[in-house]
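Numbering (the working numbering), first residue to last: -17 to 266. Just so it is clear, CB atoms sit at the ideal spot from N, CA and C, and this is done for glycine as well. For clarity, every value in this text was computed on a predicted model and none was experimentally measured. Data block below; observations after.
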């Protein structure tokens, strides 16, 4: 039997980037488990929609507009949440953007946005919340959004892949820091495989090169046609977090394939291998 309701019910959850995609799915699931969910997003209207969905299902939630690329915004959020609720049982550092384009063609502003949202948003989410969690003396769970992309390479998605490699490494070190300090804070690397989200929306990313549209469209269609149901994946994520697992997967077989390829790549020290999907996109 899943432990998630026993572990999380009645606690406070904070989810960044919860106006859409995996963040929204995790927020809805936390609400269904009986948590009070603080739904944060830079898009205030999107956050309000997630809150409305949670409340319509009988849950408790509130929305906060937060730009995770600004460290002070995460400090403000942590102060607000602890002043209002006194504790955080579940912190999900989810906010992220996909960026498509060759490394030298992605504009400076888009590179900075990818790094500040995907990586620094996770780092400063932890930095802002953990001291307050420690001071509360309560057990807590932290999930950082990694990716199967954290174990491989993908041309023209370099900005995203770089941030996910870094989030994975950060989460591994954070796990060991909690162990070293003997803190009751459980760290998980959440590793989505292919899930049906709008991260490759047809409109494209603001500031991306114009020639990124074909790659983005192909990835969007592949996720739409073959991706895992979002709510099912988010249910699995929180079930595994409740079991205090570090490795948290939506599709373990996909993760195993990516990890196996990474292990061989490092053992054999071959040049990077072009993914089949990259060749297909380039040929279109």
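Residue burial is scored here from C-beta neighbours: residue 85 has fewer than 16 other C-beta atoms within 10 angstroms and is therefore classed as exposed. The bridge partners DSSP lists for residue 170 are 125. With fewer than 16 other beta carbons inside 10 angstroms of its own, residue -12 counts as exposed.
In the displayed model, residue 24 falls within coil according to three-state DSSP, outside both helix and strand. Remark: C-beta atoms of residue 132 and residue 104 do not approach each other more closely than 8 Å. If you compare the alpha carbons of 217, 219 and 106 with that of residue 48, the shortest gap goes to 106. Fully contained in the segment 40 to 102 are the following beta strand (DSSP E) runs of length 3 or more, in chain order: 42 to 47 and 72 to 75. Close CB contacts of residue 254 within its chain, under the 8 Å cut and outside five residues either way in sequence, are with 135 and 247 (chain order). Spanning the alpha carbons of residue 152 and residue 100 requires a straight line of approximately 12 Å. In the structure shown, residue 230 adopts extended strand secondary structure according to DSSP, grouped into three states. For residue -6, the secondary structure class from DSSP, reduced to helix, strand or coil, is strand. DSSP places residue 177 outside any alpha helix (DSSP H), giving it a letter other than H or E. Remark: fewer than three beta-carbon pairs, one from each stretch, lie closer than 8 Å, so the segment 236 to 252 and the segment 35 to 44 are not flagged as touching. The beta carbons of residue -10 and residue 73 sit no closer together than 8 Å. Within the model, the alpha-carbon separation for residue 54 versus residue 75 is close to 15 Å.
In the three-state reduction of the DSSP assignment, residue 18 falls in the strand class. A straight-line Cα-Cα distance of about 18 Å links residue 218 and residue -4. Distance from the CA atom of residue -8 to the CA atom of residue 63, rounded to whole angstroms, is 15 Å. No residue range can be given for residue 139, since it is assigned to no alpha helix (DSSP H) and is classified by DSSP as neither H nor E. DSSP places residue 248 within a helical segment (H, G or I) once states are collapsed to three. In this structure, DSSP gives residue 210 an extended state, which the three-state scheme calls strand. Look at residue 146 here: in three-state DSSP terms it is helix. Your pair residue 179 and residue 16 does not check out as a contact, with CB atoms roughly 25 Å apart and the cut at 8 Å. Distance from the Cα of residue 191 is smallest, within the candidate group 11, 35, 27 and 92, for 92. Below 8 Å, enough C-beta pairs join the segment 167 to 181 and the segment 234 to 244 to call them touching: three or more. For residue 166, same chain residues with a beta-carbon under 6 Å away, outside a window of 5 residues either side, are 121 in chain order. When only Cα atoms are considered, residue 126 and residue 169 end up about 8 Å apart. About 6 Å separates the Cβ atoms of residue 213 and residue 7, confirming a contact at the 8 Å cut-off. The three-state reading of DSSP puts residue 29 in helix, counting H, G and I together.
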